[in-house]
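K.L.:
For the sequence shown, the residue numbers in my numbering are 233 to 687.
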Amino acid sequence: MTAARGNRSNLAVLSLIVAAAAGLLTAVITTTVSQLSSRDYQQRRLLTTNNNDAASPPDYNKEIDPPIEEESLIAMQFSANPYAGRDKIEMIKSGEAKLASLRLSPDSLSGATGPPGSTSYTGVYGIFCVFDDQLNKEDPAIYPTVDHMMQTSNHCIEKRYTLPLDVVVEAVASHDRRSIRNDNDRLKKLPLSGMLFHQGFSGAGLIANALTTFGDTVVISEHAAIRDALNACDYLHNRFNSNDCSSLKHQKLVKDVISLLSRSSDSSIEHMFLKLDSASSAYIPLMRAIYPDSKWTFDYRKAEHVLAKSTEPKRSTCALKKRQPSSVMAFQALEHNVDLEELSTHEICALHLSTLVDVASREHESTGTGMLISYEDDLLQEDALIGTILPYLGLQKEIDANPSLARARVEEVLSKKANLRGIHSKDVDSQWDVGTEEHVHVSEEVRAASQLFML
């Protein structure tokens, strides 16, 4: 009897403990769900317009604080945001905040959304931040790409803004139209004077750096947002296994991105040039369809040399093409009857580089446009830049205005190697002779892969 009474007592205590624990867990879950629901509601409010008040635009500038009362240790490691409280859209309109990159969702360019023939994309977000995009005018060898310039900005590193791109594009267009009507000071839109395509490690950087020496030019070099826009359909296919990508919406996305980047507050600038990243050469036909009047060049190099350079440690980004091939590279693989998954790194890179040359050559031959530039046979020749390449890109008038000064500036820039390893290498000796071809080690793997796909 006593033992039974003791067991019942223990069971009662245990039941109380279990009930208390269950109640505590329920409270925690309820609180967490409530916090998450509240935050989700706030985020949705930021991206939707109040249907009951059409005059009230979504408040993109309202900051959503994390559900904590004290500043976290992680937050304490970041600097204060000097632009906190500022209107993000207004910062973009004025040109203070600039486009850095894009983020896409699975149905961003779906042809199934919107009416037939619609060019309106959805679910594309622009990443914006504040940085000096004219640093390459000071020293293009130190800041050879947009990414190198963004590395100098704490705002780009820590405080980027994410906004729906279509909302931004419409707001900027409306702002610019009002500025024209009111004859206010405004950012001018630059024409796209030229596009620099290349295999990589083949001299396009030398041309881009030479272009920056002219006072009326701006060079946008390897901008991530342009890359993201150009490869959008291939990205959606590779990432989400989707073939639903409207060509009309794709073209609109590319045009919107370049339109945002073409705005300049410098009245002296007359020419805008784009140096694309090497992989974007797969999209030469797309860029030519959108900008048929723009000059374009394609730089290439000896097959074994460009493959050797492209597969050096920390440089072999072409190896990523095994899982993320462009549609033209995938077609090339079918023509060669090879499975990308079975190819080595050198073979993948060789097929990728071969694809870029094929795309450029076909476009050049079929349209009679463009200039194909051999690194060894053309670019390294004396006066090739001043005498042939720069005039082709539309700068003959600028050269003729002061030939000796133009030549001196170009030669000074070309005497420095581009600092592709980052802005912290300023103290490294970067002097070199542009007319001297460097020695490139060609391994047996490089030789075999180049013979398989590039010869």
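Note that CB positions come from ideal geometry on N, CA and C, so glycine has one too.
Mind checking whether residue 359 and residue 413 have CB atoms under 7 Å apart?
P.N.:
By 1-based counting over the sequence shown, the position of residue 359 is 127. By 1-based counting over the sequence shown, the position of residue 413 is 181. No, the Cβ-Cβ distance between residue 359 and residue 413 is not below 7 Å.
K.L.:
Kindly confirm or deny that the stretch 579-588 and the stretch 543-559 touch, where touching means at least three C-beta pairs closer than 8 Å.
P.N.:
Yes, the stretch 579-588 is in contact with the stretch 543-559.
K.L.:
Out of curiosity, what's the CA-to-CA distance linking residue 528 and residue 354?
P.N.:
The sequence position of residue 528 within the sequence shown is 296, counting from 1. The sequence position of residue 354 within the sequence shown is 122, counting from 1. Distance between the alpha carbons of residue 528 and residue 354: 31 Å.
K.L.:
Skipping 5 residues on each side, what residues in its chain have a beta carbon closer than 6 Å to that of residue 681?
P.N.:
Taking the first residue of the sequence shown as position 1, residue 681 is located at position 449. Closer than 6 Å at the Cβ level, and outside the excluded window around residue 681, lie 578, 579, 582.
K.L.:
Taking the alpha carbon of residue 386 as the point to measure from, which residue in 397, 363, 686, 401 has its own alpha carbon closest?
P.N.:
Taking the first residue of the sequence shown as 1, we reach residue 386 at position 154. Of the listed residues, the one whose Cα sits closest to residue 386 is 363.
K.L.:
Between residue 403 and residue 321, how many whole angstroms is the CB-CB distance? I'm expecting something under 8 Å.
P.N.:
Taking the sequence shown and counting its residues from 1, one reaches residue 403 at position 171. Taking the sequence shown and counting its residues from 1, one reaches residue 321 at position 89. Their Cβ separation, rounded to whole angstroms, is 5 Å, which keeps residue 403 and residue 321 in contact under 8 Å.
K.L.:
Beta-carbon within less than 7 Å of residue 446's beta-carbon, same chain only, minus the 5 sequence neighbours each way: which residues are those?
P.N.:
Residue 446 sits at position 214 when you count from the first residue of the sequence shown. Here the set comprises 627, 630.
K.L.:
Output the residue ranges of the beta strand (DSSP E) runs that lie fully inside the stretch 371-412 and measure 3 residues or longer, sorted by chain position.
P.N.:
393-396
K.L.:
Are at least three pairs of beta-carbons, each pair with one atom in the stretch 480-488 and one in the stretch 423-435, less than 8 Å apart?
P.N.:
no
K.L.:
May I have the straight-line CA-CA distance separating residue 389 from residue 325, to the nearest angstrom?
P.N.:
By 1-based counting over the sequence shown, the position of residue 389 is 157. By 1-based counting over the sequence shown, the position of residue 325 is 93. Each residue's Cα considered, the two are about 21 Å apart.
K.L.:
Going by the CB atoms, is the gap between residue 616 and residue 610 shorter than 7 Å?
P.N.:
Locating residue 610 in the sequence shown gives position 378, where the first residue counts as 1. Locating residue 616 in the sequence shown gives position 384, where the first residue counts as 1. Yes, these two residues count as a Cβ contact at 7 Å.
K.L.:
DSSP three-state call for residue 530: helix, strand or coil?
P.N.:
Translated into positions along the sequence shown, residue 530 becomes position 298. DSSP places residue 530 in strand when its eight states are reduced to three.
K.L.:
Do residue 466 and residue 343 have their CB atoms nearer than 7 Å?
P.N.:
Within the sequence shown, the letter at position 234 stands for residue 466. Within the sequence shown, the letter at position 111 stands for residue 343. Not closer than 7 Å, so no.
K.L.:
Please list the segments of the beta strand (DSSP E) lying wholly inside the stretch 334-362, counting only runs of 3 or more residues, in order along the chain.
P.N.:
356-361
K.L.:
Taking the C-alpha atoms as reference points, what is the distance between residue 512 and residue 459?
P.N.:
Within the sequence shown, the letter at position 280 stands for residue 512. Within the sequence shown, the letter at position 227 stands for residue 459. Cα to Cα, the separation comes out at about 6 Å.
K.L.:
Taking contact to mean at least 3 C-beta pairs separated by less than 8 Å, is the stretch 493-510 in contact with the stretch 450-457?
P.N.:
yes
K.L.:
Kindly give me the distance between the Cβ atoms of residue 607 and residue 432, rounded to whole angstroms, as I take these residues to be in contact under 8 Å.
P.N.:
In the sequence shown, counting from the first residue as 1, residue 607 sits at position 375. In the sequence shown, counting from the first residue as 1, residue 432 sits at position 200. Not quite, the Cβ-Cβ distance comes to about 11 Å (not below 8 Å), so this is no contact.
K.L.:
On the DSSP bridge assignment, give the partners of residue 605 in chain order.
P.N.:
The residue given as residue 605 occupies position 373 in the sequence shown. Beta-bridge pairing links residue 605 to 531.
K.L.:
Could you tell me which of 323, 371, 340 sits nearest to residue 642, measuring between CA atoms?
P.N.:
Against the sequence shown, residue 642 aligns to sequence position 410. Measuring from the Cα of residue 642, the nearest candidate turns out to be 371.
K.L.:
Quick one: give me the first and last residue of the beta strand (DSSP E) that residue 429 is part of.
P.N.:
By one-based count along the sequence shown, residue 429 stands at place 197. That run of the beta strand (DSSP E) goes 424-430.
K.L.:
Give the C-beta separation of residue 620 and residue 520 to the nearest angstrom, bearing in mind that I take them to be a contact with Cβ-Cβ under 8 Å.
P.N.:
One-based indexing of the sequence shown puts residue 620 at position 388. One-based indexing of the sequence shown puts residue 520 at position 288. Wrong, their Cβ atoms sit about 21 Å apart, outside the cutoff.
K.L.:
Can you round the beta-carbon distance between residue 522 and residue 487 to whole angstroms, since I take them to be within the 8 Å contact cut?
P.N.:
Here residue 522 is taken as the residue at index 290 of the sequence shown, counted from 1. Here residue 487 is taken as the residue at index 255 of the sequence shown, counted from 1. Residue 522 to residue 487, Cβ: 6 Å. Contact.
K.L.:
With C-beta atoms as the reference, is residue 564 less than 7 Å away from residue 543?
P.N.:
Against the sequence shown, residue 564 aligns to sequence position 332. Against the sequence shown, residue 543 aligns to sequence position 311. No, Cβ-Cβ distance for residue 564 and residue 543 is not below 7 Å.
K.L.:
Please report how far the alpha carbon of residue 350 lies from the alpha carbon of residue 471, in whole angstroms.
P.N.:
To locate residue 350, count along the sequence shown from 1; it is residue 118. To locate residue 471, count along the sequence shown from 1; it is residue 239. The straight-line gap from Cα to Cα measures roughly 24 Å.
K.L.:
For residue 559, collect the residues of the same chain with a Cβ closer than 6 Å to its Cβ; drop the 5 residues on either side in sequence, then sort them by chain order.
P.N.:
Reading the sequence shown from its first residue, position 327 is the one you call residue 559. Contacts found: 466.
K.L.:
Which value, in whole angstroms, describes the spacing of the CA atoms of residue 379 and residue 618?
P.N.:
Mapped onto the sequence shown, residue 379 falls at position 147. Mapped onto the sequence shown, residue 618 falls at position 386. Rounded to the nearest angstrom, the two C-alpha atoms are 28 Å apart.
K.L.:
Indicate the three-state DSSP secondary structure (helix, strand or coil) for residue 612 in the structure shown.
P.N.:
As a working note, residue 612 is residue 380 in the sequence shown. Coil at residue 612, not helix or strand.
K.L.:
Pick from 647, 409, 675, 594: whose alpha carbon is nearest that of residue 517?
P.N.:
Locating residue 517 in the sequence shown gives position 285, where the first residue counts as 1. That would be 594, whose Cα lies nearest to the Cα of residue 517.
K.L.:
Could you tell me the alpha carbon to alpha carbon distance between residue 645 and residue 442, rounded to whole angstroms?
P.N.:
In the sequence shown, the residue the question calls residue 645 occupies position 413. In the sequence shown, the residue the question calls residue 442 occupies position 210. Residue 645 and residue 442: Cα-Cα distance of roughly 6 Å.
K.L.:
Residues in its own chain within less than 6 Å of residue 571 by CB, not counting five upstream and five downstream?
P.N.:
As a first step, residue 571 is located in the sequence shown; it is residue number 339 there, counting from the start. Once the five neighbours on either side are set aside, residue 571 has no close Cβ partner at all.
K.L.:
Report the CB separation of residue 357 from residue 341 in whole angstroms; it is logged as a contact under 8 Å.
P.N.:
Position 125 of the sequence shown, counting from 1, holds the residue named residue 357. Position 109 of the sequence shown, counting from 1, holds the residue named residue 341. Incorrect: roughly 13 Å between the Cβ atoms, too far for contact.
K.L.:
Specify the secondary structure class of residue 645 as computed by DSSP and reduced to three states.
P.N.:
By 1-based counting over the sequence shown, the position of residue 645 is 413. Of the three classes helix, strand and coil, the one that applies to residue 645 here is helix, per DSSP.
K.L.:
Can you have a look at residue 675 and say buried or exposed, based on whether 16 or more other CB atoms are within 10 angstroms of its CB?
P.N.:
As a working mapping, residue 675 is identified with position 443 in the sequence shown. Taking all protein chains shown into account, residue 675 has fewer than 16 neighbouring C-beta atoms within 10 Å of its C-beta and is therefore exposed.
K.L.:
Please report how far the alpha carbon of residue 394 lies from the alpha carbon of residue 365, in whole angstroms.
P.N.:
One-based indexing of the sequence shown puts residue 394 at position 162. One-based indexing of the sequence shown puts residue 365 at position 133. If you draw a straight line from the Cα of residue 394 to the Cα of residue 365, it comes to about 19 Å.
K.L.:
Since residue 540 and residue 672 are thought to touch, with beta carbons under 8 Å apart, how far apart are those beta carbons, to the nearest angstrom?
P.N.:
Your numbering for residue 540 matches position 308 in the sequence shown. Your numbering for residue 672 matches position 440 in the sequence shown. With 8 Å as the limit, residue 540 and residue 672 qualify as a contact, their Cβ atoms being about 5 Å apart.
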